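K.L.:
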Ligand SMILES: [Mg+2]
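Residue numbers (my numbering): -11 to 364.
Here it is in structure tokens:
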């Protein structure tokens, strides 16, 4: 089997209402999908996290020409080939997102060729579904945030979620008020996580953590800059709330110090950024050495979402015990037509859980005519 073409699809969709988090506002969603075709007629799909244009350029103008004629099932060799060709110029960021998209597409093809859903090819036994947590409670809109968040909380509870994640980063005082409001709205039994998207310095992050400790916070995500491991450790010393992070990190080399120093209690590689399935597996294995739970960050289209699900389904229990498995995967609830409108059958979501696609490969069927509606 040989790669005979790699096509990039830059997608854009305007949102009905903009939303914001601590770093910037989204008025539209954009993503980059890639389609790898082979001389045997099949196609595999991948996605790059982050700005679509530079990732598309990295693939079209640099990486894709090197790949034509190679066997896409050689995932490990191809990953190292691509990484070696980019190491001198970009060990993180866009080039890794581009490699991630290619790697996911190669795994999609490999699993289709094997006639297995990807998670089975990765070595997992049959799995039906994975419980997820709702990612929402963003800023923006014309309604006061307390009111908006109360409404959202009701929706998530009605959808069967047992865990929710809210944004923070509006200043310690305001965050503390809003965390208390969301806790009141969801009640005491729902897991509540907070995510600052590195809005704070260590002193402010520690102050916020102490302020919300009484609200039973399951984790505090990206309290400080992803570059500031000492800052993570400072926050950890100041609070009993576990820390999470990793969505801005890439490759096992980037994750290693974060894990070795126990800067995070939950590590969150994004498969569409960290280096794809191949590298995500290595990061999760490395995390297991330090007894740290790897749970993927997932904010993309149906392609990225399926990649995260298959990857996570193939991770072993952590830690091993007789009690029920406590896996929990991210479920972005912000407006994103690329989760549903570009596939013939969206990944099934029911009562707070994602159901694993059971057809070969990623198990999603892309609707090309729908893609064209969003293509730039
Ligand atoms: Mg986050």
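All residues carry an ideal CB built from backbone N, CA and C; glycine is no exception. Computed from a prediction, not measured in an experiment: that's the story for all the values here.
Report yes or no: do three or more beta-carbon pairs, one from the stretch 121 to 140 and one from the stretch 162 to 170, lie closer than 8 Å?
P.N.:
yes
K.L.:
What first and last residue would you give for the beta strand (DSSP E) that runs through residue 152?
P.N.:
151 to 155
K.L.:
Let me confirm a value: residue 195 is counted as buried when at least 16 other C-beta atoms fall within 10 Å, else exposed. Which label applies?
P.N.:
buried
K.L.:
Along the chain, which unbroken stretches of the alpha helix (DSSP H) at least 4 residues long are found entirely within the stretch 182 to 222?
P.N.:
190 to 200
K.L.:
Looking at the secondary structure, which residues open and close the beta strand (DSSP E) in which residue 25 lies?
P.N.:
13 to 26
K.L.:
Suppose the cutoff is 7 Å on Cβ atoms and the five residues either side in sequence are ignored; what does the same chain contact list for residue 11 look like?
P.N.:
The residues 185, in chain order, have a CB closer than 7 Å to that of residue 11 in the same chain once the five nearest residues on each side in sequence are set aside.
K.L.:
Taking 7 Å as the cut-off, does the CB of residue 285 come closer than this to any heavy atom belonging to ligand 1?
P.N.:
yes
K.L.:
Just reading off the beta strand (DSSP E) that residue 112 is part of, what are its end residues?
P.N.:
From DSSP, residue 112 is part of no beta strand (DSSP E); its letter is neither H nor E.
K.L.:
Mapping DSSP to helix, strand and coil, what is residue 4?
P.N.:
strand
K.L.:
Report all residues from its chain with a CB closer than 6 Å to the CB of residue 179; omit the five preceding and five following residues, and keep chain order.
P.N.:
Within the same chain, residue 179 has close Cβ partners 151 and 206.
K.L.:
Just verifying my parser: in three-state terms, what is the DSSP assignment at residue 32?
P.N.:
Note: residue 32 maps to strand in three-state DSSP.
K.L.:
Would you say the beta carbon of residue 324 is closer than 7 Å to some non-hydrogen atom of ligand 1?
P.N.:
no
K.L.:
Using only the alpha-carbon positions, how far apart do residue 47 and residue 31 sit?
P.N.:
16 Å
K.L.:
Going by DSSP, which residues form a beta bridge with residue 120?
P.N.:
317
K.L.:
Just to check, is the beta-carbon of residue 185 closer than 7 Å to a non-hydrogen atom of ligand 1?
P.N.:
yes
K.L.:
Tell me which residues share the same chain as residue 275 and place their Cβ nearer than 8 Å to its Cβ, disregarding the 5 neighbours each side in the sequence.
P.N.:
243, 247, 255, 281 and 282
K.L.:
Measure the Cβ-Cβ separation of residue 105 and residue 351 and say whether it is below 8 Å.
P.N.:
yes
K.L.:
Look at residue 110 and residue 102 and say whether their C-beta atoms are less than 8 Å apart.
P.N.:
no
K.L.:
Could you give the C-beta distance for residue 155 and residue 114, rounded to a whole number, given that I count them as a contact under 8 Å?
P.N.:
The pair is not a contact, with the Cβ atoms about 36 Å apart (cut-off 8 Å).
K.L.:
Quick check on the DSSP output: the beta strand (DSSP E) that includes residue 67 runs from which residue to which?
P.N.:
From DSSP, residue 67 is part of no beta strand (DSSP E) but of the alpha helix (DSSP H) over 63 to 74.
K.L.:
Provide the residue span of the beta strand (DSSP E) that contains residue 371, from first to last.
P.N.:
Nothing about residue 371 can be read from this structure; the chain reaches only from -11 to 364.
K.L.:
What number of angstroms, rounded off, separates the C-alpha of residue 214 from the C-alpha of residue 230?
P.N.:
Just so you know, the alpha carbons of residue 214 and residue 230 end up roughly 16 Å apart.
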